[in-house]
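Please read the structure below before turning to the comments.
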Amino acid sequence: MPSFAGDPRHERLVAVLVPLLRRSCPSGGGGFGGSYELRLAVDEAEALGGMDLIRSAMRKAARSLGWSRLQTFGGLYPQVAVAGVVDRREVPEEFAAVVEDYRLDRMAASAEVISETLKDGRRRAVPGSVFVTTQEFRAAFAAAEGVAG
Numbered sequence: 336m337p338s339f340a341g342d343p344r345h346e347r348l349v350a351v352l353v354p355l356l357r358r359s360c361p362s363g364g365g366g367f368g369g370s371y372e373l374r375l376a377v378d379e380a381e382a383l384g385g386m387d388l389i390r391s392a393m394r395k396a397a398r399s400l401g402w403s404r405l406q407t408f409g410g411l412y413p414q415v416a417v418a419g420v421v422d423r424r425e426v427p428e429e430f431a432a433v434v435e436d437y438r439l440d441r442m443a444a445s446a447e448v449i450s451e452t453l454k455d456g457r458r459r460a461v462p463g464s465v466f467v468t469t470q471e472f473r474a475a476f477a478a479a480e481g482v483a484g
């Protein structure tokens, strides 16, 4: 994998991703249990610097938050570019219940949104879903560009 040291695109992505990754962790969970996924148009991902750069920025942002064991994933597909990072550290006992409750609450919220959508046919965004995280990322990146540019 190429080095992105000193690449301003990489540094801007890291700066944008750090607070988003931090917010993906459950409140009261000690910074454990976070994950983040983006689904972008292929040309949008290329404009940001490509998948290697995006995944590298995700790794650097996650490590800056102490995610010493993490998993990144992603790739380019015909219609979409996918990139994500997951905190894979063992959750200490004192935070385990909070992290587990957070995961269960997210699953319940997803099920509720799906149920409501099936009832009335109106599409809704699931809190914490990849649709929501991608929109958050786009807004944060645009704001960072406004400051930097």
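Each residue of the sequence shown is one higher than the last, beginning at 336 in the numbering used here. The beta carbon of each residue, even a glycine, is placed where N, CA and C say it ideally should be. Bear in mind that the values here come from a model prediction, so they are computed numbers and not experimental data.
Pairwise C-beta distances place the region 449-459 out of contact with the region 416-426, as fewer than three of them are shorter than 8 Å. Linking valine 415 to valine 465 through their CA atoms gives a straight-line distance of about 13 Å. The DSSP-derived three-state label of alanine 397 is helix. In terms of CA proximity to valine 417, Arg390 leads the group Glu435, Ser399, Phe430 and Arg390.
Here methionine 442 is exposed, its C-beta having fewer than 16 other C-beta atoms within 10 Å. When the beta-carbon positions are compared, leucine 356 and alanine 397 come within less than 7 Å of each other.
Of all C-beta pairs linking the region 360-369 to the region 343-351, fewer than three are shorter than 8 Å, placing the two stretches out of contact. Shown here for alanine 460: same chain residues with a beta carbon closer than 6 Å to its own, the five before and five after excluded, namely Phe466 and Val467 in chain order. The Cβ neighbour count for phenylalanine 367, taken over all protein chains shown within 10 Å, is at least 16; the residue is labelled buried.
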